[in-house]
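First to last, the protein sequences are chains A and B.
Residues 1 to 346, numbered by my numbering, are exactly what the first sequence covers, in order.
Residues 347 to 692, numbered by my numbering, are exactly what the second sequence covers, in order.
Note sheet for the following structure.
Number of protein chains: 2
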Amino acid sequence: MSVAVEDGFYQSLKVFDALQYSNWFGSPQNDAVSYRVDRTLLQQWRDGGLAGVHVTVTLWDDARTCVDRVTRWYRAFQESADLIQICLAGADLERAKRASRTAVLLGFQNTSPFEDDIGLVEVFYRLGIRVAQLTYNIQNFVGSSCYEIVDGGLTRFGRAVVNEMNRLGMLIDLSHVGEKTSLDAIEHSSRPVAVTHANPLSFARHPRNKSETLLRAVARSGGVVGCSPYPPLMGRLDVTLEEWCQMVADLAAVIGAEHVGIGTDTSLGWTDADLLAMNVARWSRSENWGSNLPGQTGWCEPVAWYRSSNDFPTLCRGLRKVGLDEKEVAGILGHNWQRLLTTILG
Amino acid sequence: MSVAVEDGFYQSLKVFDALQYSNWFGSPQNDAVSYRVDRTLLQQWRDGGLAGVHVTVTLWDDARTCVDRVTRWYRAFQESADLIQICLAGADLERAKRASRTAVLLGFQNTSPFEDDIGLVEVFYRLGIRVAQLTYNIQNFVGSSCYEIVDGGLTRFGRAVVNEMNRLGMLIDLSHVGEKTSLDAIEHSSRPVAVTHANPLSFARHPRNKSETLLRAVARSGGVVGCSPYPPLMGRLDVTLEEWCQMVADLAAVIGAEHVGIGTDTSLGWTDADLLAMNVARWSRSENWGSNLPGQTGWCEPVAWYRSSNDFPTLCRGLRKVGLDEKEVAGILGHNWQRLLTTILG
Numbered sequence: 001m002s003v004a005v006e007d008g009f010y011q012s013l014k015v016f017d018a019l020q021y022s023n024w025f026g027s028p029q030n031d032a033v034s035y036r037v038d039r040t041l042l043q044q045w046r047d048g049g050l051a052g053v054h055v056t057v058t059l060w061d062d063a064r065t066c067v068d069r070v071t072r073w074y075r076a077f078q079e080s081a082d083l084i085q086i087c088l089a090g091a092d093l094e095r096a097k098r099a100s101r102t103a104v105l106l107g108f109q110n111t112s113p114f115e116d117d118i119g120l121v122e123v124f125y126r127l128g129i130r131v132a133q134l135t136y137n138i139q140n141f142v143g144s145s146c147y148e149i150v151d152g153g154l155t156r157f158g159r160a161v162v163n164e165m166n167r168l169g170m171l172i173d174l175s176h177v178g179e180k181t182s183l184d185a186i187e188h189s190s191r192p193v194a195v196t197h198a199n200p201l202s203f204a205r206h207p208r209n210k211s212e213t214l215l216r217a218v219a220r221s222g223g224v225v226g227c228s229p230y231p232p233l234m235g236r237l238d239v240t241l242e243e244w245c246q247m248v249a250d251l252a253a254v255i256g257a258e259h260v261g262i263g264t265d266t267s268l269g270w271t272d273a274d275l276l277a278m279n280v281a282r283w284s285r286s287e288n289w290g291s292n293l294p295g296q297t298g299w300c301e302p303v304a305w306y307r308s309s310n311d312f313p314t315l316c317r318g319l320r321k322v323g324l325d326e327k328e329v330a331g332i333l334g335h336n337w338q339r340l341l342t343t344i345l346g
Numbered sequence: 347m348s349v350a351v352e353d354g355f356y357q358s359l360k361v362f363d364a365l366q367y368s369n370w371f372g373s374p375q376n377d378a379v380s381y382r383v384d385r386t387l388l389q390q391w392r393d394g395g396l397a398g399v400h401v402t403v404t405l406w407d408d409a410r411t412c413v414d415r416v417t418r419w420y421r422a423f424q425e426s427a428d429l430i431q432i433c434l435a436g437a438d439l440e441r442a443k444r445a446s447r448t449a450v451l452l453g454f455q456n457t458s459p460f461e462d463d464i465g466l467v468e469v470f471y472r473l474g475i476r477v478a479q480l481t482y483n484i485q486n487f488v489g490s491s492c493y494e495i496v497d498g499g500l501t502r503f504g505r506a507v508v509n510e511m512n513r514l515g516m517l518i519d520l521s522h523v524g525e526k527t528s529l530d531a532i533e534h535s536s537r538p539v540a541v542t543h544a545n546p547l548s549f550a551r552h553p554r555n556k557s558e559t560l561l562r563a564v565a566r567s568g569g570v571v572g573c574s575p576y577p578p579l580m581g582r583l584d585v586t587l588e589e590w591c592q593m594v595a596d597l598a599a600v601i602g603a604e605h606v607g608i609g610t611d612t613s614l615g616w617t618d619a620d621l622l623a624m625n626v627a628r629w630s631r632s633e634n635w636g637s638n639l640p641g642q643t644g645w646c647e648p649v650a651w652y653r654s655s656n657d658f659p660t661l662c663r664g665l666r667k668v669g670l671d672e673k674e675v676a677g678i679l680g681h682n683w684q685r686l687l688t689t690i691l692g
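Quick look at the structure:
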């Protein structure tokens with residue numbers, strides 16, 4: 001356990017990371033893997049003092065494949081019950097923290113598992129999925145991604161999906177979603193929405209980052225925006241801890257600290273080929289590196305001040321240094337997410 | 347055989363219907379069907395003197411289900427070789443006619459079988475699929491339907507699909523596709539495209555019908571537009587044979603008779619519940635009757651002058667009566683489609 005975790009203030013928090021997608025179950029290139037969870041990655045959550053983490057179950061897959069991906073987590077919850085438990089309600093963060101475990105919120109970075117079948121939303125809700133990003137990196141049945149040529153907005157099927165997610169209590173994530181589709185979704189949704197992992201466009205011009213209009217709309221819905229130290233989303237590779245924390249503080253000043261959180265986009269254990277596969281999937285025959293900076297192929301080195309969940313105490317120190325008070329920092333590090341999850345999941 | 351089929355001119359033609367979707371293999375509601383083809387429907391093609399027909403293999407299904415649907419046709423080609431054969435090239439119309447059979451062109455009314463996987467285009471090409479409509483009635487990975495709230499145009503994946511269809515020799519069908527997506531596809535395609543079953547918007551204001559801009563663009567690509575006697579696409583239920591034939595002649599005057607054909611949208615053997623299932627599929631929980639006229643639920647009665655393929659000779663007579671010459675009528679009844687299929691399929 002790092003020195004900072006011994007800090008009494010940090011220890012009192014229910015820290016929540018709103019997005020991680022590490023190679024917990026072995027490379028998709030490796031058919032021979034046993035799909036046993038990599039416990040060293042779970043141990044990092046414990047070492048970093050995380051009460052909860054939102055994990056990506058899929059980027060692209062259809063319903064059948066996602067059922068398989070969910071069952072890998074069921075096995076992990078059973079075999080690694082000393083380190084993790086499933087997160088089905090906001091109160092699970094509290095329970096996990098008391099048990100020195102990390103509550104794992106299962107989410108999709110795509111609505112592809114719902115295919116074109118409205119009945120599949122409830123199927124995956126019952127299987128434990130509590131978050132779905134409306135689109136990953138291409139147009140789908142629900143709406144347009146932030147990379148699409150034209151953002152046509154939320155489709156008719158998309159409206160049905162939003163209604164169904166509202167009814168069931170599944171959090172709508174807009175991180176990779178196009179601006180018009182996002183604004184349509186916010187307008188159509190009767191419940192708060194989230195951006196689990198993106199930064200303000202004013203900090204770094206990147207298709208994945210969000211305009212002030214959108215950030216304000218998410219806050220107005222009662223939602224939370226998760227800021228990310230993922231290098232491409234910071235626009236350059238040499239952003240300092242202080243600069244990043246100042247970005248978080250600036251966002252808090254614009255939309256209210258109670259609407260700001262952290263979603264690191266931590267992605268450990270993947271090869272460069274995995275990254276290419278994540279972005280090209282099966283939809284293109286051209287190279288596509290997704291959120292990478294222009295000319296950048298393969299993973300870029302993480303910044304020195306955030307390499308894994310172990311470094312959350314460093315983020316805490318940084319946020320306090322830029323002048324955010326203890327209540328604001330507690331909210332940003334996890335309590336805002338806990339409030340939102342309690343609202344949505346009950 | 348009807349009297350008109352004994353007409354020497356009609357008998358000399360290679361008649362082609364560019365769209366039929368009848369209940370050849372039993373209702374989707376009936377899990378107990380043996381998926382044996384209904385020979386009475388194939389016999390109508392022979393009685394009507396059809397050299398070829400483009401049949402819809404699917405409206406909505408994914409890859410796995412469509413493989414099953416294709417194999418039903420394989421079985422039919424084997425067991426009903428006296429009546430039908432597969433159509434894989436333009437010359438198959440000639441061959442089929444000589445053998446007194448009907449050449450069956452297998453097509454999709456959706457790109458849903460390609461899912462988000464560009465490799466599946468060639469898979470289905472190799473399985474014998476030679477036509478794909480870019481969208482059915484909702485937004486998909488490729489583009490927007492004519493019913494979508496916003497038509498965002500051809501997506502990035504859509505461009506890849508068009509390229510791949512061009513490379514392989516698969517005909518692009520724009521019948522249910524939105525106007526912007528259609529115009530984008532025509533611009534992006536290096537090969538002629540088709541509208542297999544729709545009428546001019548100037549004849550009947552209906553979301554499924556086509557603007558003069560689009561009709562001219564299809565013709566400019568070298569493609570063909572299939573006019574339909576399907577009542578909803580004629581805008582009212584009492585359109586006469588003469589009015590419909592005049593519509594065809596008027597279209598020929600605008601875009602050239604060599605770019606006009608027939609695509610009847612013949613749909614026999616379905617229940618009203620089947621029609622609802624075709625339109626709602628799994629994407630909505632609201633009633634949706636697709637192309638039906640406002641307030642119309644269930645199938646509407648066909649017009650008296652076109653009830654099934656048996657009535658093609660009646661269409662021939664009607665087209666000659668409105669002043670189209672023999673060459674124009676021969677083109678419209680099938681030779682224009684044959685030319686296009688020869689261009690695309692080789």
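We treat Cβ as the ideally placed atom computed from N, Cα and C, and that holds for glycine.
Quick caveat: nothing in here was measured; it's all calculated off a predicted structure.
Taking the Cβ atom as the reference point for each residue, do residue i and residue j lie within a distance shorter than 9 Å?
i: A/Val195; j: A/Lys180; result: no
i: B/Arg582; j: B/Ala550; result: yes
i: A/Pro231; j: A/Val239; result: yes
i: B/Gly474; j: B/Ala531; result: no
i: A/Ile138; j: B/Trp629; result: no
i: A/Gly48; j: A/Ala96; result: no
i: B/Val675; j: B/Arg685; result: no
i: A/His259; j: A/Lys14; result: no
i: A/Ile255; j: A/Arg216; result: yes
i: B/Asp594; j: B/Gly569; result: A small correction: the amino acid at residue 594 of chain B is Val; Asp does not occupy that position in the sequence shown. Not a contact, by the Cβ cut-off of 9 Å.
i: B/Val477; j: B/Asp414; result: no
i: B/Ala603; j: B/Lys673; result: yes
i: A/Thr135; j: A/Gly178; result: yes
i: B/Tyr367; j: B/Thr612; result: yes
i: B/Gly615; j: B/Trp391; result: no
At the 9 Å Cβ level, is residue i part of the contact set with chain A, yes or no?
i: B/Phe735; result: With chain B covering 347 to 692 only, the question about residue 735 of chain B has no answer from this structure.
i: B/Gly504; result: yes
i: B/Ser637; result: no
i: B/Val401; result: no
i: B/Gln479; result: no
i: B/Arg631; result: yes
i: B/Trp645; result: no
i: B/Trp590; result: no
i: B/Ser348; result: At B/Ser348, the pLDDT of 49 sits below 50, so the modelled position is not reliable; the number obtained from the coordinates is stated separately. No, B/Ser348 lies away from the interface with chain A (no Cβ there is under 9 Å from its Cβ).
Between residue i and chain B, is there a C-beta pair that is closer than 9 Å?
i: A/Arg126; result: no
i: A/Asp117; result: yes
i: A/Gln139; result: yes
i: A/Thr155; result: yes
i: A/Trp337; result: no
i: A/Ser182; result: no
i: A/Ser100; result: no
i: A/Gly152; result: yes
i: A/Arg282; result: yes
i: A/Ser112; result: yes
i: A/Ser144; result: yes
i: A/Ala32; result: With a pLDDT of only 47 at A/Ala32, under the threshold of 50, the placement of this residue in the model should not be trusted; the figure read from the coordinates follows. Cβ-Cβ to chain B under 9 Å: no for A/Ala32.
i: A/Trp305; result: no
i: A/Trp270; result: no
i: A/Asp62; result: yes
9 Å is my cut-off, CB to CB: does residue i come that close to chain C?
i: A/Ile149; result: The question asks about chain C, but that chain is absent: this structure's protein chains are A and B.
Point to revise | Residue ranges of each alpha helix (DSSP H) within the stretch 449-523 of chain B, 4 or longer | key: 465-472 and 502-514
Review point. How do the stretch 307-315 of chain A and the stretch 489-500 of chain B stand: do at least 3 beta-carbon pairs fall below 8 Å, yes or no?
Key: no
Exercise for review: Scan the stretch 423-449 of chain B and note each continuous alpha helix (DSSP H) run of 4 residues or more that stays entirely inside, going in chain order.
Suggested key: 437-444
**Study point:** Residues of the stretch 414-432 of chain B whose Cβ lies closer than 8 Å to any Cβ of chain A, in chain order
**Key:** none
Practice item. Answer yes if the stretch 88-96 of chain A comes into contact with the stretch 55-69 of chain A, meaning at least three C-beta pairs across the two stretches below 8 Å, and no otherwise. Key: no
Review point. Does the count of Cβ pairs from the stretch 623-643 of chain B and the stretch 110-125 of chain A closer than 8 Å reach three?
Key: yes
Practice item. Give a yes or no on contact between the stretch 57-77 of chain A and the stretch 110-117 of chain A, applying the rule of three or more CB pairs nearer than 8 Å. Key: yes
Point to revise | Secondary structure, alpha helix (DSSP H): runs of 4+ residues fully inside the stretch 573-636 of chain B | key: 577-580, 587-601 and 618-626
Exercise for review: For the stretch 500-507 of chain B and the stretch 154-169 of chain A, state whether three or more C-beta atom pairs, one from each stretch, are separated by less than 8 Å.
Suggested key: no
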